Amino acid sequence: MQRQYFRQIIAQANRRLVVMSQGQFVLKLKDSESAGKSKNEGLDLSVYSLVTDTVRDVKTLSGGEAFMAALSMALGLSDIVQRTAGAVHLDMMFIDEGFGSLDDGAREQAIRVLRDLAGENGVVGIISHVAELKDGIEKKLIVKKTERGSTVSWG
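All letters in the sequence shown, in the order written, are residues -17 to 137 by the numbering used here.
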């Protein structure tokens, strides 16, 4: 039963991951024979390259790729929880950092996915020190540290 839900989460995650990775890769659940053979195996996930038609371990993902995969999984989990829990609506998400590990193209794709998510009556809060994010986000709550404490303003 858990594996069935996990498959659904991965399917939803891959809808966004293929966009964020610009068609490069998706996540795959390892087959049941090779799944869980090692105590430190994690979630029994691998990465399938849509470009090279090869499968590799998720441990080989770069920092930026790992961030995109984790963000996609979080969004996929949210999709499935909302679908199966009936009246539950998860319309707010906060992301603390992670964007610094993305190259310009991947950052742009991730912002596009988050903007689409927020456009579906959701709120996405991003906590980041990456200056390039300021241009990609329309509504901003900016917190600045000063000698007399912090100030908050809409930017």
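Backbone N, C-alpha and C fix where the C-beta goes; we use that ideal spot for every residue, glycine too. Source: prediction; values computed, not measured.
Query                                                                                                                                               : Result
Are the region 29 to 42 and the region 116 to 123 touching by the rule of at least three beta carbon pairs closer than 8 Å?                         : no
Measuring only the C-alpha atoms, how far is D26 from R(-3)?                                                                                        : 19 Å
Taking just the CA atoms, how far does A56 sit from G80?                                                                                            : 13 Å
Out of A67, K12, S3, I62, which one is the CA nearest neighbour of L43?                                                                             : S3
Going by DSSP, what residues sit across from K126 in a beta bridge?                                                                                 : T133
Just tell me which of L11, L53, D86 has its CA closest to the CA of V37.                                                                            : L11
Could you give the residue range of the beta strand (DSSP E) that holds V105?                                                                       : 105 to 109
Closest by CA to Q6, which one among Y(-13), Q64, A88, V63?                                                                                         : A88
Grab me the residues of L72's own chain with a C-beta within less than 7 Å of its C-beta, minus the 5 sequence neighbours each way, in chain order. : S60, V63, Q64
If you drop the 5 nearest sequence neighbours on each side, which residues of the same chain put their C-beta closer than 8 Å to that of H111?      : E79, G82
CA-CA distance, K122 and T66?                                                                                                                       : 32 Å
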